[in-house]
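**Student:**
There are 2 protein chains.
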Amino acid sequence: MSLRERVARNLRRLRQEKSISQEELAHRAQINRNYVGMVEREEYSISVDKLEKLADALGVDPAEFFRSEA
Amino acid sequence: MSLRERVARNLRRLRQEKSISQEELAHRAQINRNYVGMVEREEYSISVDKLEKLADALGVDPAEFFRSEA
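Chains R and Y are the protein sequences, given in the same order.
So the first sequence is numbered by full-length UniProt numbering: it starts at 1 and just counts up by one.
So the second sequence is numbered by full-length UniProt numbering: it starts at 1 and just counts up by one.
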């Protein structure tokens with residue numbers, strides 16, 4: 001699994017666990033609303049600064065985005 | 001600690017554990033040699049694709065870059 005795919009799956013899972021839409025998450029993270037969908041579709045190589053904003057908005061540690069599934 | 005700082009510290013630690021210079025790591029990862037130093041100095045918000053290349057070149061899981069220190 002590519003790292004983009006790993007991040008995409010974790011982001012979608014964490015977002016859905018909080019029952020937040022892509023648009024709402026982007027709003028809370030103060031990033032462009034297109035980024036969340038693009039990351040979840042593996043269309044965009046997101047950088048550390050935006051990952052930090054997303055983690056803050058989700059209330060999780062950024063390391064959660066990089067967890068490999070069992 | 002910002003996420004840039006966390007990644008910077010982990011990258012430097014992992015690189016030094018392997019006794020590889022910034023230049024050698026960049027060469028092995030096939031990324032521009034400036035990136036490694038910029039990331040270690042927290043001057044650059046590195047993206048997932050380049051982190052994957054660096055992890056492969058270091059022989060570590062990308063999650064290692066996001067470990068928070070004890």
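For each residue, glycine too, the CB sits at the ideal point set by N, CA and C.
Measure the C-alpha to C-alpha separation of R/P62 and Y/E52 and round it to an integer number of angstroms.
**Tutor:** 16 Å
**Student:** Apart from the five residues just before and just after Y/R33, which ones in its own chain have a Cβ nearer than 6 Å to its Cβ?
**Tutor:** E23, A26
**Student:** Return the CA-CA distance between Y/E40 and Y/Q16, expressed in angstroms with no decimal places.
**Tutor:** 12 Å
**Student:** Rank Y/S19, Y/V60, Y/R12, Y/F65 by C-alpha distance to the C-alpha of R/S47 and give the top, closest one.
**Tutor:** Y/F65
**Student:** Give me the subset of the UniProt domain "HTH cro/C1-type" (11-65) of chain R whose CB atoms are less than 8 Å from a CB atom of chain Y, sorted by chain position.
**Tutor:** S45, I46, S47, V48, D49, K50, L51, E52, A55, D61, P62, A63, F65
**Student:** Is any beta-carbon of chain Y found at less than 8 Å from that of R/R67?
**Tutor:** yes
**Student:** With distances taken from CA atoms, which of Y/S68, Y/Y35, Y/E69, Y/G59 is nearest Y/S19?
**Tutor:** Distances from the CA of Y/S19 to each of Y/S68, Y/Y35, Y/E69, Y/G59 were compared; the closest alpha carbon is that of Y/G59.
**Student:** Less than 8 Å between CB atoms is the rule here; does R/R9 satisfy it with respect to chain Y?
**Tutor:** no
**Student:** Between the alpha carbons of Y/L11 and Y/R4, how many angstroms are there, rounded?
**Tutor:** Rounded to whole angstroms, Y/L11 to Y/R4 spans 10 Å at the Cα level.
**Student:** What does a CB cutoff of less than 7 Å around R/A57 pick up in its chain, not counting 5 residues either side in sequence?
**Tutor:** Taken in chain order, the residues that qualify are L25, R28, A29.
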